[in-house]
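Read through the structure below, which is laid out as structure tokens, and then see the notes.
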Amino acid sequence: MTNDHSGGDEAIDSAAIRAFTEEFGDRAAKLPPVAIVIAAFNEEGSIGPVVEALPATVCGLEAAAIVVSDGAVDSTAKEARQAGALVCEVPVNRGQGAALRLGYRLARDGGAGYIVTTDADGQYNPAEIDSLLAPILAGQADFVTGSRTMGSEETKDPVRKLGVRVFALTISVLTGQRVTDTTFGLRAMRSEVTGAVCLEQPQYQAAELLIGVITHGFRVAERPATIHRRTVGKSKKGNNAFYALSFSKVVFGTWWRERQRRADGGKPWAPGERRERGERGLVGDSGAAEPLPGRAATAGTGAAPSAPSLARPAGRAEPPDTRSAKST
Ligand SMILES: Nc1nc2c(ncn2[C@@H]2O[C@H](COP(=O)(O)OP(=O)(O)O)[C@@H](O)[C@H]2O)c(=O)[nH]1
Ligand SMILES: [Mg+2]
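In terms of this note's numbering, the sequence shown is residues 16 to 343.
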């Protein structure tokens, strides 16, 4: 499902952004305050109704949908356009993580102050978006994820249910931040959060984003939310065993990477620097036990002009990284 395009990622992203900008002009350049970003892979029959069901405003702020479709062999992109979304098409399939990373970048470039993510398969309830963005607008959080553990889920699959709990416990222990759901696709965040954390996972990005957000000191909150069963098509993530194995690799890989980064002073890393530093053996002993920086502070800088102003960081340990191509 996911191919390795790591070498050409930036070239692929740049070409897709150019085409997107040419197609949508001012609509892409001057986004409303909220961008609802959806990664879609062959979701014909589902993406149209999902986009149509999205709210025009979230917490009173105007919203626009950005759909990133990569390597589709069906009419996903056409259907999303007809439903009113801004659609970014990528000719090769890279995975949900790469698609979301590109969507985040389009949202930031267009000046959206807040990003909401949801899935193209109708598993999430758009009426719950308001409750996720509200704590951010109230200045209480920088990143809010829905939680099926606090809310509800339709699946009866015991393996998936157990997986959600095991991964929540694992990430809670590794990071010191209690979370109850680490893979919920309905989330809200301040846009700059997505430019600050390092996002390099092409497919299973949920854990990388969450761990990155926590270890950068952004304030994380959860709200009860619902996940329905998929009614059209099937999961693109493989069977439970493959999903669990791939997700575990991302959890421990990201935790280790962030531990190294923080042991090295907590500065954002430039592209390609990670391997270099790892090979030089700069890993210290301090990483895991280090208290999270800025937990009590409001993180981030530069909310989009269209967004209401929020509290600024007080003593945040590190500024958002806007220079890393990998973090876009
Ligand atoms: N653009 C893009 N989207 C993807 C890809 N893989 C999954 N998605 C989308 O990511 C969302 C979640 O994927 P899904 O297969 O439903 O995963 P699950 O809900 O965890 O089983 C859906 O909107 C998919 O269309 C991909 O390779 N490219
Ligand atoms: Mg799904």
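Glycine is no exception: its CB is placed at the ideal position from the N, C-alpha and C atoms.
To the nearest angstrom, report how far apart residue i and residue j are at their CA atoms.
| i | j | result |
| --- | --- | --- |
| Gly210 | Val228 | 10 Å |
| Pro106 | Thr133 | 22 Å |
| Ala259 | Ala71 | 36 Å |
| Thr316 | Lys171 | Low local confidence applies: a pLDDT of 32 at Thr316 is under 50, so the model's placement there is unreliable, and no value is given. |
| Ile242 | Glu143 | 11 Å |
| Pro48 | Ala122 | 9 Å |
| Pro308 | Leu117 | Note that Pro308 has pLDDT 35, beneath the 50 cutoff, so the model's placement of it is unreliable and the number below is only indicative. The straight-line gap from Cα to Cα measures roughly 27 Å. |
| Arg289 | Gly281 | Model confidence at Arg289 stands at a pLDDT of 44, short of 50, so the residue's coordinates are unreliable and nothing is read from them. |
| Leu148 | Ser261 | 29 Å |
| Ala113 | Tyr119 | 10 Å |
| Gly293 | Gly40 | Residue placement at Gly293 cannot be trusted, given a pLDDT of 36 that sits under 50; what the coordinates show is reported in the next sentence. If I take the Cα positions, the gap works out to 42 Å. |
| Glu77 | Arg42 | 13 Å |
So, under 8 Å CB-CB, residue i and residue j are touching, yes? Tell me the CB distance rounded to an integer number of Å.
| i | j | result |
| --- | --- | --- |
| Ile130 | Val52 | 6 Å |
| Tyr139 | Gly200 | 6 Å |
| Leu214 | Glu223 | 6 Å |
| Gly137 | Val247 | 7 Å |
| Asp28 | Cys74 | Going by Cβ atoms, the distance from Asp28 to Cys74 rounds to 30 Å, so no, they are not a contact pair. |
| Ile181 | Glu237 | Note that residue 181 is Val in the sequence shown, not Ile. Not a contact, Cβ separation roughly 17 Å. |
Let's test the definition: count the other Cβ atoms within 10 Å of the Cβ of residue i and tell me whether it reaches 16, buried, or not, exposed.
| i | result |
| --- | --- |
| Met165 | exposed |
| Phe35 | buried |
| Val212 | buried |
| Glu169 | exposed |
| Glu37 | exposed |
Just grab the DSSP bridge partners of residue i for me.
| i | result |
| --- | --- |
| Gly161 | Arg238 |
| Val82 | Ile53, Val102 |
| Ser344 | This structure does not reach residue 344, given that the chain is present from 16 up to 343, and the question cannot be answered. |
| Ile130 | Ala50, Met204 |
Kindly say whether residue i, judged by its beta-carbon, lies nearer than 8 Å to any beta-carbon of chain D.
| i | result |
| --- | --- |
| Ala44 | In the structure shown, chain D does not exist; there is a single protein chain. |
Margin query: Would the segment 22 to 32 count as touching the segment 46 to 61 if we require 3 or more Cβ pairs under 8 Å?
Written below: no
Notebook entry, point to check: How do the segment 269 to 281 and the segment 194 to 208 stand: do at least 3 beta-carbon pairs fall below 8 Å, yes or no?
Noted result: no
Item checked: Three-pair Cβ contact test at 8 Å for the segment 37 to 52 versus the segment 74 to 93 -> yes
Notebook entry, point to check: Would the segment 172 to 191 and the segment 92 to 107 be scored as touching if the rule is three or more Cβ pairs under 8 Å?
Noted result: no
Checklist line | Check your reading: residues with Cβ closer than 6 Å to ligand 3 heavy atoms | finding: Absence of ligand 3 is noted for the structure shown, with ligand 1 and ligand 2 being the only ligands found.
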